[in-house]
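Participant:
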Amino acid sequence: VTIDDSTLTLRARGTGRPVTAAEGFDAFVLARSRKLLRTAYLLTQDHALAEDLVQTALAKAWFAWSRIEGGDPEPYVRKIMVNTYASWWRRRWNGEQPTEELPEYAVPASGVERTDVWQALQRLPRRQRAVVVLRYYEDLSEAETARVLNCSPGTVKSQASKAFAKLRLDPALLTTDTVADRETTR
Amino acid sequence: MKLTDLRDELTSRANSTGETPDLLSGVHRKIARTKRRRRAGAAGVAGGLAAIAAFAFVIPSLTTSTPQPADDVPRDYVKDGMVMPGLDGDDRLEKAWIGDRGENTIDFSWTPARQVDLRFSGLCNSDSTQVRYFTVWVNDYVVGTDACIQDEDLGRSGIGVLADGAMWLPAPAGKPAKVIAKLTDENGRPVADQHVQVALGIYQSAAAVYEGSPVRTPPTSAADYVKDGVRYRAKIGGRMLLGAQVADQGESRFEFTFKAPGVAVSLSDFCTAALPGTDPQYQLSVRFNGVLVSTGSCPANSLDAGTGTSFVPGVAPPPAGQQVKVTVQLEDKSGRPVTRPKDWIGLGIYTRGEQQIIDGTSLAGVVEHGGYNYRLTEVKHVPLTIARTVTISTPAGKPFLISYGSTKSLSEGARVSLTGLDGGASDSAGGVSTIGQAAIPAGSATATVEGAGQNTAAEVFVALYLPE
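So the protein sequences, as listed, match chains F and P. Position 85 of the first sequence, counted from 1, bears residue number 85 in my numbering, the numbering being contiguous throughout. Position 97 of the second sequence, counted from 1, bears residue number 97 in my numbering, the numbering being contiguous throughout.
(1) Would you please verify whether the beta carbon of residue 384 of chain P is less than 8 Å from any beta carbon of chain F?
(2) Run through the DSSP bridge pairs and tell me what residue 445 of chain P is partnered with.
(3) Whole angstroms are fine: how far does the CA of residue 125 of chain F sit from the CA of residue 221 of chain P?
(4) If the cut is a Cβ gap below 7 Å, which residues of chain P does residue 55 of chain F touch?
(5) Using the C-alpha atoms, what's the distance from residue 282 of chain P back to residue 138 of chain F?
(6) Using only CA atoms, which one of P/409, P/444, P/405 lies nearest to residue 432 of chain P?
(7) Would you mind giving the Cβ-Cβ distance between residue 168 of chain P and residue 6 of chain P, rounded to the nearest angstrom? I have them listed as a contact below 8 Å.
(8) Quick one: which chain F residues come within Cβ less than 9 Å of residue 231 of chain P?
(9) Helix, strand or coil, according to DSSP, for residue 450 of chain P in the structure here?
(10) In the DSSP assignment, what residue or residues form a beta bridge with residue 467 of chain P?
(11) Nearest to residue 79 of chain P by alpha carbon, out of P/96, P/273, P/8?
(12) Roughly how many whole angstroms lie between the Cα atoms of residue 53 of chain F and residue 29 of chain P?
(13) For the beta strand (DSSP E) that residue 146 of chain P lies in, which residues bound it at each end?
(14) Return the first residue and the last residue of the alpha helix (DSSP H) that residue 162 of chain F is part of.
(15) What does the alpha-carbon distance come out to for the pair residue 157 of chain P and residue 369 of chain P?
(16) So, is residue 14 of chain P buried or exposed, given that buried needs 16 or more other C-beta atoms within 10 angstroms?
(17) Can you check whether the C-beta of residue 118 of chain F is within less than 8 Å of a C-beta belonging to chain P?
(18) If we ignore side chains and look at the alpha-carbon of each, how far apart do residue 146 of chain F and residue 155 of chain F end up?
(19) Would you report the Cα separation of residue 111 of chain F and residue 131 of chain F, rounded to the nearest angstrom?
(20) Please state the DSSP three-state secondary structure of residue 493 of chain P.
(21) For residue 162 of chain F, collect the residues of the same chain with a Cβ closer than 7 Å to its Cβ; drop the 5 residues on either side in sequence, then sort them by chain order.
(22) Please check the pair residue 10 of chain P and residue 42 of chain F, which I expect to be a contact at CB under 8 Å, by giving their CB distance rounded to whole angstroms.
(23) Could you tell me the distance, in whole angstroms, from the CA atom of residue 192 of chain P to the CA atom of residue 147 of chain P?
(24) Between the Cα of residue 123 of chain P and the Cα atoms of P/180, P/88, P/198, P/346, which residue gives the shortest distance?
(25) Find out if the Cβ-Cβ distance for the pair residue 142 of chain P, residue 276 of chain P is shorter than 8 Å.
(26) Please state whether DSSP places residue 137 of chain P in a helix, a strand or coil.
(27) Taking C-beta pairs closer than 9 Å, name the residues in chain P that residue 46 of chain F reaches, listed in chain order.
(28) Residue 231 of chain P and residue 351 of chain P look like a contact to me (Cβ under 8 Å); what is the Cβ gap, rounded to whole Å?
(29) In its own chain, which residues sit with a C-beta less than 8 Å from the C-beta of residue 360 of chain P, not counting the 5 before and 5 after it?
(30) Report all residues from its chain with a CB closer than 8 Å to the CB of residue 216 of chain P; omit the five preceding and five following residues, and keep chain order.
(31) Could you say which of F/158, F/27, F/121, F/149 lies nearest to residue 76 of chain F if we only look at CA atoms?
(32) Closer than 8 Å, CB to CB, is residue 26 of chain F near chain P or not?
(33) Is there a Cβ of chain P sitting closer than 8 Å to that of residue 142 of chain F, yes or no?
(34) In this structure, what does DSSP give as the bridge partners for residue 244 of chain P?
(35) Just confirm the distance between the C-beta atoms of residue 346 of chain P and residue 245 of chain P, as a whole number of angstroms; I'd bet it's less than 8 Å.
(36) Taking only beta-carbon positions, decide if residue 189 of chain P is within less than 8 Å of chain F.
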């Protein structure tokens with residue numbers, strides 16, 4: 001099992017023996033929880049739900065740990081996490097009501113506040129929000145994002161485009177420059 | 001906003017997670033719990049198969065049976081390590097089915113014992129992390145589509161069917177019904193995947209706890225129109241039934257007459273014709289004396305067919321006392337008549353009851369909310385050119401309703417908010433909104449308009465309804 005080189009090196013150096021799969025898993029959890037938690041928080045916009053999401057994704061990954069190919073399990077765990085987020089949305093995110101049609105909100109008198117962007121992101125459909133987080137926080141390419149979401153790169157492109165269209169039309173951000181106009185293609 | 005603003009926002013928010021809590025112990029607990037469930041499932045299957053094999057030639061259906069309803073706690077239903085929990089929260093498993101791996105459609109027979117609130121929950125066992133959906137039909141009635149959960153911690157997910165839901169029309173209690181669950185996309189289109197194992201559980205929902213105004217099943221009367229279990233109540237709030245008809249199953253057109261009251265009437269249609277997906281394929285057209293007055297889309301939600309959405313035709317009401325011939329036709333979305341042998345259609349026509357007009361907007365004198373009637377007792381309203389806020393006193397010790405909003409459409413971006421009730425502020429984009437409130441100490445409710453232009457020719461209002 002090859003996981004986080006730095007962490008595993010430390011463990012191997014400390015024990016003087018090869019790490020087991022269980023130790024490797026624990027090491028992975030300790031090493032990568034923070035990063036996964038950040039992504040989970042951007043998806044759920046709730047700290048407690050983010051922790052639950054990360055723990056659930058890791059628990060699911062444990063059962064496939066020995067079958068994970070390609071060395072680094074993180075893409076696999078991230079994939080489980082993003083898709084678990086989508087499939088759990090209906091049952092756990094009861095307070096969240098993303099809509100296809102943007103609800104009307106008052107336009108702020110001043111420029112963009114951080115809360116405006118955050119609220120606009122909250123109003124995105126969950127798949128579009130996942131695309132935005134993966135592309136512009138995780139910095140994944142369209143192809144990498146497509147692999148996480150089990151869809152085509154074209155779908156990622158169109159979902160990103162729709163997300164930006166919604167952000168552009170979001171009343172909270174209407175007074176600002178559009179994002180789509182300034183998007184660069186990776 | 002620039003792309004850099006978006007990236008900055010994401011990074012800033014992500015960094016706000018601060019110190020990383022110890023997630024490892026929680027992960028271990030989740031793993032252990034899943035292991036226990038899987039072991040229990042496997043043991044159940046291994047032990048059960050021998051007994052089932054011995055008796056299968058006598059009662060073949062045992063190989064596909066479900067938990068016994070006599071148990072105090074319904075047993076989990078298990079197969080191949082998949083577990084459909086006997087209890088999901090307080091919801092009890094009535095019937096379950098687990099297909100074979102790669103079997104993307106499962107079907108089984110189910111005899112609902114009682115007409116109660118139900119929930120259909122789907123489980124999809126797969127190595128893939130792709131989101132799956134399932135669509136359920138009962139006796140060809142489309143129950144709905146929902147996400148297929150990947151672990152047995154269902155969390156009361158699934159498709160809800162209420163005790164007065166239209167599903168009970170094609171699938172009455174006490175009679176065997178055919179249940180079909182298919183692996184689909186979120187729009188109900190079938191999906192093929194040889195690696196997915198699909199399971200469906202039908203749960204009897206525990207009684208819901210309502211935090212707002214009281215809720216009950218509304219009373220019925222001998223004057224109600226009832227056919228095949230579809231009921232048009234003679235009186236709903238202040239609305240009085242003028243005429244109704246429900247066609248025989250499969251009948252796609254019917255006619256009846258009613259005596260015009262000389263004022264606008266409201267129509268409540270009923271139609272079970274629906275296909276999976278969000279795009280309605282069928283509609284009901286309504287004609288008065290041959291003149292089209294409305295079209296409404298299917299499907300029906302409730303067997304209490306006079307409740308829910310009703311609409312008022314935009315045409316001038318027929319003269320008082322005139323016998324009006326009503327023609328109702330099931331059509332496709334292009335307006336062509338169609339026949340659906342397994343569906344029902346119906347229509348009820350109601351008087352609108354006493355109305356109070358505020359700057360051209362009608363407020364019903366009596367409304368039904370949660371099965372109880374409430375009467376309009378006080379309205380406060382003020383032109384927006386004068387003030388943006390209006391407040392009304394609310395009583396102590398009794399439930400009440402508050403209607404609030406604007407008498408005319410507001411400019412884009414404007415909102416009407418209501419404060420003073422439990423549960424925090426509510427808001428709307430204008431029009432009439434109504435909120436129920438359980439008994440609380442005496443206080444006040446305030447409606448406030450924000451974001452509307454200085455010269456907006458509308459009024460903000462707030463109205464109080466008390467129990468009859």
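Glycine included, C-beta positions come from ideal geometry on N, C-alpha and C.
Facilitator: Here's the rundown:
(1) In terms of beta-carbon proximity, residue 384 of chain P stays away from the interface with chain F, with every pair separated by 8 Å or more.
(2) In the DSSP output, where bridge partners are listed per residue, residue 445 of chain P has P/392.
(3) Taking the straight line from one Cα to the other gives about 45 Å.
(4) Listed along the chain, the chain P residues whose CB falls inside 7 Å of the CB of residue 55 of chain F are 23, 26, 27, 30.
(5) Between residue 138 of chain F and residue 282 of chain P, the C-alpha separation is close to 44 Å.
(6) Comparing alpha-carbon positions, the option among P/409, P/444, P/405 lying closest to residue 432 of chain P turns out to be P/405.
(7) With a Cβ gap of about 49 Å, residue 168 of chain P and residue 6 of chain P do not count as contacting.
(8) Against residue 231 of chain P, chain F offers no close residue; the least beta-carbon distance is about 31 Å (beta-carbon pairs closer than 9 Å).
(9) Correct three-state label for residue 450 of chain P: strand.
(10) According to DSSP, which records beta bridges pairwise, residue 467 of chain P is partnered with P/374.
(11) With distances taken between Cα atoms, residue 79 of chain P lies closest to P/96.
(12) A direct Cα-to-Cα measurement between residue 53 of chain F and residue 29 of chain P gives close to 14 Å.
(13) It spans 141–148 - the beta strand (DSSP E) in which residue 146 of chain P sits, taken as one unbroken run.
(14) Run containing residue 162 of chain F: 153–169, per the alpha helix (DSSP H) assignment.
(15) One C-alpha to the other measures close to 26 Å.
(16) Residue 14 of chain P should be labelled buried.
(17) Judged by the 8 Å Cβ criterion, residue 118 of chain F is in contact with chain P.
(18) Per the coordinates, the alpha-carbon of residue 146 of chain F lies some 8 Å from the alpha-carbon of residue 155 of chain F.
(19) Model confidence at residue 111 of chain F stands at a pLDDT of 37, short of 50, so the residue's coordinates are unreliable; what they give is reported in the following sentence. Looking at the two C-alpha atoms, the distance is approximately 25 Å.
(20) Outside the shown range of chain P (1 to 468) lies residue 493 of chain P, about which nothing can therefore be said.
(21) Only 128 meet the Cβ criterion.
(22) Taking a contact as a CB-CB distance under 8 Å, the pair residue 10 of chain P and residue 42 of chain F counts as one, their CB atoms being some 6 Å apart.
(23) Using only the alpha carbons, I get a separation of about 16 Å.
(24) Comparing C-alpha distances from residue 123 of chain P to each of P/180, P/88, P/198, P/346 shows the shortest one belongs to P/198.
(25) Going by C-beta atoms, residue 142 of chain P is nearer than 8 Å to residue 276 of chain P.
(26) DSSP places residue 137 of chain P in strand when its eight states are reduced to three.
(27) Residues of chain P whose Cβ lies closer than 9 Å to the Cβ of residue 46 of chain F do not exist, since the nearest Cβ in that chain is about 11 Å away.
(28) Taking 8 Å as the upper bound for CB-CB distance, residue 231 of chain P and residue 351 of chain P are not in contact here, some 18 Å apart.
(29) Residues of the same chain with a CB within less than 8 Å of the CB of residue 360 of chain P, apart from the 5 flanking positions on each side, are 407, 408 in chain order.
(30) Closer than 8 Å at the Cβ level, and outside the excluded window around residue 216 of chain P, lie 370, 371, 372.
(31) Residue F/149 is the option with its Cα nearest to residue 76 of chain F.
(32) True, the Cβ-Cβ gap to chain P drops below 8 Å.
(33) Not a single C-beta of chain P is nearer than 8 Å to the C-beta of residue 142 of chain F.
(34) Under DSSP, residue 244 of chain P takes part in a beta bridge, and its partners are P/348.
(35) About 6 Å; that satisfies the 8 Å criterion.
(36) No, residue 189 of chain P lies away from the interface with chain F (no Cβ there is under 8 Å from its Cβ).
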